[in-house]
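S.K.: Just so we're aligned: 242 in the working numbering is position 165 of the sequence shown, and the numbers increase by one with no gaps anywhere. Beta carbons: idealized from backbone N, C-alpha and C, even for Gly. Got a structure for you, questions after.
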Amino acid sequence: MPIVEWENDRVRLEDLGGYRRGPSWPWNGKRTARFYEVPNRRIEAMVVHHAMGGFHAGLEAVERIADFHMGAPRVNDQGQVVGGGKGWPGVGYTFVIPAIPEVVAGKLVVYRIWPDSMRTWHTGGVYNSHGVGICIGGHYVSANEGASRATARARPDDAVVAALDGLVGYLAERYRLQLRPGTLLAHREAAATLCPGDFLADWVRAKRGELVAAPAGPEDRRPLDTIRAIQQALVELGYAPGEVDGVWGPRTARALKAFQAAAGLAADGLTGPKTEQALRVALARPR
């Protein structure tokens, strides 16, 4: 049975205790490198990734990542890797958020794969030594991706973003990290990659308090110039601002912050042009 490490009113972190281990554990398939324990390892960074794979639910998402990371690479006659897996000792990430999180007792379930002491491979260099990888299941659009973009989605579901927001908040407190460049990163900020897609990269920047563009897309044109209108929009989008009474209180502020975090905006609880545009885009999406 997984151990519940932490939970709040919306997110639950379950510890899988290492999950699966490869046949050559703790070595890779070629026995040239290994995962290893570093007692009292100091965590100085969190790196956000996406799986670049399918959109799987619950533990199946972890299983698919494990299959790929531990699977043997396919090599052609010239000795070039042309597919298959990575041949690693186990899952490279410390945490996994499925593309479709399981819901238990009303809470979105995310997973810890390894203890903080386990040095794995997810980004390279200092981020392997002193960081943890957080992987969001699925494959999300990057403007420069090319042909494979057709298999990607524009962004994760709101539930996934809410789970990421909750997990990052918990880990920042656990590791005593201020969220800034160097402590919270999108994978593309540390390596030559498009991972984790444009939306999640913007979400990371917004979580650090940096300005990002509001989401683009078709917009609902209703007026959003009163508190009551904002509250009604939040209700329709599945948030809980309390009674739709035109009074700005702490529940309305919390609901707006949750929406802003899910939209990849700075979660300051303040209405402005970017937040209003994001609300209009969200209201125009099919639900």
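DSSP three-state label for K284, please.
M.R.: Here residue 284 corresponds to residue number 207 of the sequence shown, with the count starting at 1. Three-state result, K284: helix.
S.K.: If you draw a straight line from the alpha carbon of D234 to that of A134, how long is it in whole angstroms?
M.R.: By one-based count along the sequence shown, residue 234 stands at place 157. By one-based count along the sequence shown, residue 134 stands at place 57. So the two alpha carbons sit approximately 12 Å from each other.
S.K.: Is T197 buried or exposed, if buried means 16 or more other CB atoms sit within 10 Å of its CB?
M.R.: In the sequence shown, residue 197 corresponds to position 120, counting from 1. Looking at its Cβ environment, which holds 16 or more other Cβ atoms inside 10 Å, T197 is buried.
S.K.: DSSP on R331, reduced to helix/strand/coil?
M.R.: Working through the sequence shown from its first residue, we reach residue 331 at position 254. Helix.
S.K.: Within 10 angstroms of the Cβ of E91, are there 16 or more other Cβ atoms? Answer buried if so, exposed if not.
M.R.: Taking the first residue of the sequence shown as position 1, residue 91 is located at position 14. Buried is the call here.
S.K.: Looking at C-alpha atoms only, which residue of W165, A149, E179 and G167 is the closest neighbour of E137?
M.R.: Position 60 of the sequence shown, counted from the start, is the residue given in the question as residue 137. Checked all of W165, A149, E179 and G167; the closest Cα to E137 is E179.
S.K.: Kindly indicate which residue of T352, P192, P100 and G164 has the alpha-carbon position closest to the one of V115.
M.R.: Residue numbering aside, residue 115 sits at position 38 when the sequence shown is read from its first letter. Selected option, being the one with the closest Cα: P192.
S.K.: For a quick check, are the C-beta atoms of A249 and L241 less than 9 Å apart?
M.R.: The residue labelled residue 249 in the question sits at position 172 within the sequence shown. The residue labelled residue 241 in the question sits at position 164 within the sequence shown. Against a cut-off of 9 Å, the Cβ pair of L241 and A249 comes out as no contact.
S.K.: Out of G148, I213 and P318, which one is the CA nearest neighbour of I177?
M.R.: On the sequence shown, residue 177 is found 100 positions in, with the first residue counted as 1. Per the Cα distances, I213.
S.K.: For F172, which residues does DSSP report across the bridge?
M.R.: Counting from 1 along the sequence shown, the entry for residue 172 is found at position 95. F172 pairs with R189 and I211.
S.K.: What are the boundary residues of the beta strand (DSSP E) that H40 is part of?
M.R.: One cannot answer for residue 40 here, as it falls past the ends of the chain, which runs 78 to 364.
S.K.: Look up V238 in the DSSP assignment and say whether it is helix, strand or coil.
M.R.: As a first step, residue 238 must be located in the sequence shown, where it is residue number 161. Three-state result, V238: helix.
S.K.: In whole angstroms, what separates the C-alpha of E266 from that of A122?
M.R.: The residue given as residue 266 occupies position 189 in the sequence shown. The residue given as residue 122 occupies position 45 in the sequence shown. The straight-line gap from Cα to Cα measures roughly 12 Å.
S.K.: Roughly how many angstroms separate the alpha carbons of E80 and F172, rounded to a whole number?
M.R.: Taking the sequence shown and counting its residues from 1, one reaches residue 80 at position 3. Taking the sequence shown and counting its residues from 1, one reaches residue 172 at position 95. The sequence given here places Ile at residue 80; Glu does not occur at that position. Distance between the alpha carbons of I80 and F172: 14 Å.
S.K.: Could you check what DSSP says for A293 in three-state terms: helix, strand or coil?
M.R.: As a working mapping, residue 293 is identified with position 216 in the sequence shown. Coil, per DSSP.
S.K.: Could you tell me whether the stretch 272-289 touches the stretch 200-220, where touching means 3 or more Cβ pairs closer than 8 Å?
M.R.: These segments touch.
S.K.: Who does K79 pair with in a DSSP beta bridge?
M.R.: As a position in the sequence shown, residue 79 is number 2, starting the count at 1. Per the sequence shown, residue 79 should be read as Pro rather than Lys. For P79, which the question treats as bridged, DSSP gives no partner whatsoever.
S.K.: How would you call Q308, buried or exposed, if buried means at least 16 neighbouring beta carbons within 10 angstroms?
M.R.: Mapped onto the sequence shown, residue 308 falls at position 231. Its Cβ being crowded by 16 or more others within 10 Å, Q308 is buried.
S.K.: For Q155, count the other beta carbons within 10 Å of its own beta carbon; 16 or more makes it buried, fewer makes it exposed. Which is it?
M.R.: Taking the sequence shown and counting its residues from 1, the one referred to as residue 155 is at position 78. It is exposed - the Cβ of Q155 has fewer than 16 other Cβ atoms within 10 Å.
S.K.: Excluding five sequence neighbours on each side, which residues of the same chain lie with their C-beta closer than 8 Å to the C-beta of A330?
M.R.: Looking up residue 330 in the sequence shown gives position 253. Excluding positions up to five away in sequence, the list reads G346.
S.K.: So, G57 versus L277, is the Cβ gap smaller than 9 Å?
M.R.: Given that the chain is displayed from residue 78 to residue 364, the structure contains no residue 57 and the question cannot be resolved.
S.K.: Please name the residue or residues paired with D92 in a DSSP beta bridge.
M.R.: The residue labelled residue 92 in the question sits at position 15 within the sequence shown. In the DSSP output, where bridge partners are listed per residue, D92 has I80 and R189.
S.K.: Where DSSP assigns a beta bridge to K184, which residues make up the other side?
M.R.: Translated into positions along the sequence shown, residue 184 becomes position 107. Per DSSP, V181.
S.K.: How about A149 and G106: are their beta carbons less than 9 Å apart?
M.R.: Locating residue 149 in the sequence shown gives position 72, counting from the first residue. Locating residue 106 in the sequence shown gives position 29, counting from the first residue. Yes; because the gap between Cβ atoms is below 9 Å, this pair is in contact.
S.K.: Answer with yes or no whether the minimum CB distance from A291 to chain B is below 9 Å.
M.R.: Although the question refers to chain B, the structure presented lacks it and comprises just one protein chain.
S.K.: For S219, is the classification buried or exposed, using 16 other Cβ atoms within 10 angstroms of its Cβ as the cut-off for buried?
M.R.: Stepping through the sequence shown from its first residue, residue 219 is reached at position 142. Label assigned to S219: buried.
S.K.: Taking 9 Å as the cut-off, decide whether the C-beta atoms of R299 and A291 are in contact.
M.R.: To locate residue 299, count along the sequence shown from 1; it is residue 222. To locate residue 291, count along the sequence shown from 1; it is residue 214. Contact: no.
S.K.: Taking the straight line between their C-alpha atoms, what separation do you get for W280 and G99?
M.R.: Walking along the sequence shown from the start, residue 280 turns up at place 203. Walking along the sequence shown from the start, residue 99 turns up at place 22. Computed Cα separation, rounded: 33 Å.
S.K.: Residue range of the beta strand (DSSP E) that A138 falls in?
M.R.: The sequence position of residue 138 within the sequence shown is 61, counting from 1. Unbroken run through A138 is the alpha helix (DSSP H), G135 to M147; no beta strand (DSSP E).
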